[in-house]
Structure formats: structure tokens, C-alpha cells
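Chains as they are written, first to last, in the numbering used here: chain A, 1008 to 1301; chain B, 2 to 235.
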Amino acid sequence: MAELITFYLVPGLVLGAIYAMSATGLSLVYGVIRFANFAHGDLMGLGAYAALAASQGLGLSPWASIPFAAAATVPAALAADVLFYARLRRSLPAVLLISSFGTALMLRAVIYLAFGPTPQTFGRAIVPPLMLWGLRIQERHVWIIAGAAASAAVLHLILARTRAGRAMRAMADDPDLARITGVPTEAVIRLTWTIAAVLVAIAGVFLGLDTQLTPVMGFNVLLASFAAAILGGIGRPWGAALGGLILGLAEECSSYPVVGGAPLLEPSYKSAVAFAVLIVTLIARPQGLFRGMG
Amino acid sequence: MALLEVDRVVGGYGEADILQGASLAAEAGEIVVIVGANGAGKSTLMKAIAGLVRVRSGSIRFAGDEIANAPAEGMIRRGLAYVPQERNVFPSLTVEENLRMGAYVRPDATRAGIARVLALFPDLDARRGVAAGRLSGGQRQMVAIARALMLEPRLILLDEPTAGLSPRFCAVIFERVQAIARAGVGVLMVEQNARPALAIADRGVVLAMGRNRATAPGPALLADPEIGRLFLGG
Chain A
1008 MAELITFYLV PGLVLGAIYA MSATGLSLVY GVIRFANFAH GDLMGLGAYA
1058 ALAASQGLGL SPWASIPFAA AATVPAALAA DVLFYARLRR SLPAVLLISS
1108 FGTALMLRAV IYLAFGPTPQ TFGRAIVPPL MLWGLRIQER HVWIIAGAAA
1158 SAAVLHLILA RTRAGRAMRA MADDPDLARI TGVPTEAVIR LTWTIAAVLV
1208 AIAGVFLGLD TQLTPVMGFN VLLASFAAAI LGGIGRPWGA ALGGLILGLA
1258 EECSSYPVVG GAPLLEPSYK SAVAFAVLIV TLIARPQGLF RGMG
Chain B
2 MALLEVDRVV GGYGEADILQ GASLAAEAGE IVVIVGANGA GKSTLMKAIA
52 GLVRVRSGSI RFAGDEIANA PAEGMIRRGL AYVPQERNVF PSLTVEENLR
102 MGAYVRPDAT RAGIARVLAL FPDLDARRGV AAGRLSGGQR QMVAIARALM
152 LEPRLILLDE PTAGLSPRFC AVIFERVQAI ARAGVGVLMV EQNARPALAI
202 ADRGVVLAMG RNRATAPGPA LLADPEIGRL FLGG
């Protein structure tokens, strides 16, 4: 039992927390701006590398360099919106989608150019695991889960309690009606980008801390993030967060040796779990699991 | 000069000009009803006034300002509120949040606004915390009208407020519309339910093919046998 928790459930929650943060931003952008942003993953990579640069350059801890990650992703997201997406807002969704692909490639090229293709790490020291309730748990895992929970709480407060958050939800419901009530829609779009970029920057640093940094790290997480967002009913941030947790847990637990000593699924097939879940969701329940949860 | 003056407006979506020279006027405290067959341009005219449809020529003056092609998001500040026919509430927001959205541009007026519109639509008070998407059609219409009244507009545009409602709810809506007008707000209303709407109208406008077919006080239009035969179902 302890083995299941230590080696499968906790890493599953950590991966799920990272997916959840990424998918929440993706879903928020889809809900308010109505397009599937394929540059979301590479924005995550950009954030992680910006934090790496700050951490190495200024000698900060990776946690303390999170603001630098956001300081890179927020302007990048806003610039992509002003330069590309805003001009294409009235065109076909496929055009916007392709333009976000282009943005993704540009962001990735910047990462390759600045940091090279070799995987890097935040250079963390070997930290002995914490003993919590008799379980060995990596300290960084505790911080990642706590950080994701805190981000979710802040996002909830913004969406539910603030005027700007209400305007975002109103725009997701009906952009024309939001305009009629006087909502400055472009300002709300900028706010949505900002929140999504902050969330994905944090997710990028967490992913880099948990594994390593590679220029394709974000892209590798992108499809799982889409799967999580669709699982939760795309456009619904809470559904996306739950979808992310479910996917993370499903991926990690897929290699648990249920019968005998062999893993249920070879760990190298782990990332296929997200796609399997995505395909099953699209066939069986394309509206997502949590339609109607608000 | 009237509060709203629409003069020979031509316009529509894309290349198609649904409006072919429509004109009307509305004063504060007056009920003006637009009737006409499907496709006559009634809703398009409302959207043109609200800034959601392009006006190619003609003028729309509100409180002395030219507002043709002005941005839709600025209309509420001018005192012009619009209630679309469909999708006129935010379904995932609660009733109270919908009302708050009505005062979005002036948050300081929220509290007083909610108290005022709940006095007009007391049924909504018990449902403040319910998502608007879960309400009945009639209640949703009340939320939409209440939302539009939050900032005490000078003119409210109602696009078929009784569409799909039971006769009992229609009577309630018409009665509230009269109360709104009595409070000094101009009401410009498109109605399929033409006879009861014209009966309470200070002015009626019959639109056909994007143009005015007739303009007269509501009861006079009702009494006109030709209008009755052609536009009011005999």
C-alpha cells in the first residue's frame, strides 16, 4: 500500500497538478477567446527556461524564480495576441489554430536558440525525502501539489469574486451580450491571456523541477493538457483541473503491478494513456465529464 | 427633438442590406412597438440601434448624439440598454451575477440597482443564487429586462420579450413594460404578439422589407383594416 502511494499516487498527483494548471489555462483561453491555443505548451517551455536563466544568473532558488517565468510568458502571450490572434479573431477557427501552431514553433525556436537542445535541470541538490504519515515523500512534490492548490484557490477567487472574473465568465457565456453590458472585451481577453500565461509559467517551473527542462517539454505536455481540458468539458476551468488530476493519476498508475510483479502497462507507454483517455472521451462523452458543473 | 431618432437607415450583415430605409422615433416614457412579418428587419433594426449591425447610410441619433456604428459596449453608458430576443442572460452566472453585470460599467450603482429592479420583479428575489440557465423562459426574460434596467437607462430596446412565453407571463411582461414607461424610460419593443403590444403602444411602426409600411399610434394601427389584414393576422 505504501508503495502504491509513494511511487504511483503521489507522482500521479504531481503530474496531475501540472496537467491541471496547464489545462486550466488552456480551457480558460478556449472559453473566453474561443480558440484552441497550440502555443500553450511552448509557452510553458519558455516559462521554465526563463526561470532557469533567472535561477542560474541570479543564484535564486527555482521557486523564487517563478515570477521570472511569468515575466517571460505574460508578454509573450500578449504579444502573440496583438501581433497575430487579434487580427485573425474574426476569421475561421482553423486559421487561428494554425497561427497558434506557428507561434508555438517560434517560441520553441527561441528556446533552442537561447538554451540549446541539451536537456538541463535546475541543478537541485539531493534532498532526502520527508517522512509524512510513515510515507517517504519528496519535498518538491509537496510544494508542487501545494502550489497548484494555492493557484487553483486564487483563480477561483478571481473568477467567482471579482468584477473582472465575472466579466471573463460572462464573455465565456456570450461575448455579444457581454459587449452590450459594456464589458471592454479586448481588456478581458488580455486579462485571460495574463492569467493563462501565469498558470502555465508556474506549471513549467514545476515540470522542470520534477523532471528536467527540454525545449519540447511543453509541447509534450500540450496534448495531455488538451486531453484533460476535453475530459473536463473544454471551456470549463474546473473541469480541466479535475481532468488533469485524473489523467496524471491514470498515467502514473497505469504501470502499477496489479497482478504479479510486472507493470500493468510498460512505463514507456505511459503517455499513450492520455491519448487513450482523450479518444474514449471524444467517442463516449464529447461534451466532457463535468458538463453542468459551472 | 425626440430621445431616439432613426432616419432612413440602410444596413445589415455583410453585403446584404436587410434595412432599406427604416425610420422611427421614440420619446422618453413612450412605448414604441415595431411589428411586421418575419424577415421584415425588425430585429436587425434593433441591433443596428444597439451597435451590433453595420449601418451603411442614414442616421441614428440618441439624446442628440449620432450613434450609428458606434461601439456596442459604449451604449449602456449613453443610457441605451438592449435586451436581445435570444441568449439574453448569462446562463452560467447566477441571477444576482447577471444583475451585477447590468451595472458593470458603474459598479458603485450595483446595490441600489439590484434593490430597484427586484422591486419591479419581486419573483427574482428568491432566485438570486440560481444560475440563470436553470430558470424558466419567463423568469429568464425578467432577469434580462432587470439586467438592462440596472443603470436606469433612458431607453430600453426589447426584442420580442414575450416570445415563447405563456399568456399569463405575456400579460405580466406587458404590465411591467407599462410600469417601466411610466417611470420615464422610453421603451422600443419588437413584438410578434402584435395586437396586445400595439394596444399599449404610444406609437406603432409596421416594417415590411426593411422599410416603414406605416407609422401611427398603436390603437390607430389596430383599427386600420388593411394593416390588420396584412400584418396582424386578420
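By construction, the Cβ of each residue, glycine as well, lies at the ideal position given by its N, Cα and C atoms. Everything numeric in this text was worked out from a predicted model, so none of it was measured.
Query, Result
"Rounded distance between the beta-carbons of residue 4 of chain B and residue 27 of chain B, thought under 8 Å", "6 Å"
"Burial state of residue 2 of chain B, where buried means 16 or more other Cβ atoms lie within 10 Å", "exposed"
"Rounded Cβ spacing between residue 1190 of chain A and residue 1178 of chain A (contact assumed at less than 8 Å)", "6 Å"
"Contact the segment 79-97 of chain B vs the segment 133-148 of chain B: 3+ CB pairs below 8 Å", "yes"
"Interfacial residues, the segment 69-93 of chain B to chain A, with Cβ spacing under 9 Å", "72, 73, 74, 75, 76, 77, 78, 82, 83, 84, 85, 88, 89, 90, 91, 92, 93"
"Distance, residue 125 of chain B Cα to residue 76 of chain B Cα", "26 Å"
"Through-space distance from residue 1217 of chain A to residue 1116 of chain A, alpha-carbon basis", "23 Å"
"Whole-angstrom distance between residue 231 of chain B and residue 214 of chain B, CA atom to CA atom", "11 Å"
"Where the beta strand (DSSP E) containing residue 213 of chain B begins and where it ends", "212-217"
"Residues that residue 101 of chain B contacts on chain A, provided the C-beta gap is smaller than 7 Å", "1173"
"DSSP three-state assignment for residue 4 of chain B, whether helix, strand or coil", "coil"
"Buried or exposed (CB count within 10 angstroms, at least 16 for buried), residue 1147 of chain A", "buried"
"Backbone CA spacing between residue 1248 of chain A and residue 1235 of chain A [nearest angstrom]", "7 Å"
"Those residues which DSSP pairs with residue 83 of chain B across a bridge", "B:158"
"Residue interval of the alpha helix (DSSP H) (run including residue 1224 of chain A)", "1224-1238"
"CB of residue 96 of chain B within 9 Å of CB of residue 65 of chain B, strictly", "no"
"Residue 1039 of chain A to residue 1193 of chain A span [Cα, whole Å]", "11 Å"
"Coil, strand or helix - residue 95 of chain B by DSSP", "strand"
"Where residue 162 of chain B meets chain A, residues with beta-carbon distance less than 8 Å", "Here the premise fails: no neighbours, minimum Cβ distance about 15 Å."
"Straight-line Cα distance separating residue 1085 of chain A from residue 1118 of chain A", "18 Å"
"Residue 1168 of chain A versus residue 207 of chain B - alpha carbon distance", "46 Å"
"Cβ shell of residue 1226 of chain A (< 8 Å), same chain only, five flanking positions each side left out", "1048, 1049, 1052, 1111, 1115"
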